[in-house]
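Colleague: Residue numbers (the working numbering): 8 to 91.
#1: How many angstroms separate the CA atom of residue 76 from the CA atom of residue 10?
#2: Could you check the C-alpha separation between residue 47 and residue 8 for me, to the nearest Å?
#3: Going by alpha carbons, who is nearest to residue 54 out of 86, 37, 28?
#4: Once DSSP output is grouped into helix, strand and coil, what is the label at residue 45?
#5: Could you check the C-alpha separation between residue 17 and residue 59 for me, to the nearest Å?
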């Protein structure tokens, strides 16, 4: 049986105090994708310690941001987080 590959997709905004715990909890995933809505705190710097797949995009609403975030995933199985 083939290994199931999992993408951890995270949406965030100004979550410097929580984002590290969130990203630590998904280190087992095969990839981690973060979409940040232009945080003004240390969120981006913390995210870049855990993945190079960090993107910034203005917040167009939950549905659109969620769809965009998941579209960046490479794998079929997606674990979705909204860190806030």
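Note that CB positions come from ideal geometry on N, CA and C, so glycine has one too.
Modeller: Judging by the given coordinates:
#1: By one-based count along the chain shown, residue 76 stands at place 69. By one-based count along the chain shown, residue 10 stands at place 3. When rounded, the distance between both Cα atoms is 23 Å.
#2: The count along the chain shown starts at 1 and reaches residue 47 at position 40. The count along the chain shown starts at 1 and reaches residue 8 at position 1. So the two alpha carbons sit approximately 45 Å from each other.
#3: Counted from its first residue, the chain shown places residue 54 at position 47. Comparing Cα-Cα distances from residue 54 to each of 86, 37, 28, the minimum goes to 28.
#4: For the purposes of this step, residue 45 is taken as the residue at position 38 of the chain shown. Coil.
#5: Along the chain shown, one-based indexing puts residue 17 at 10. Along the chain shown, one-based indexing puts residue 59 at 52. Using only the alpha carbons, I get a separation of about 13 Å.
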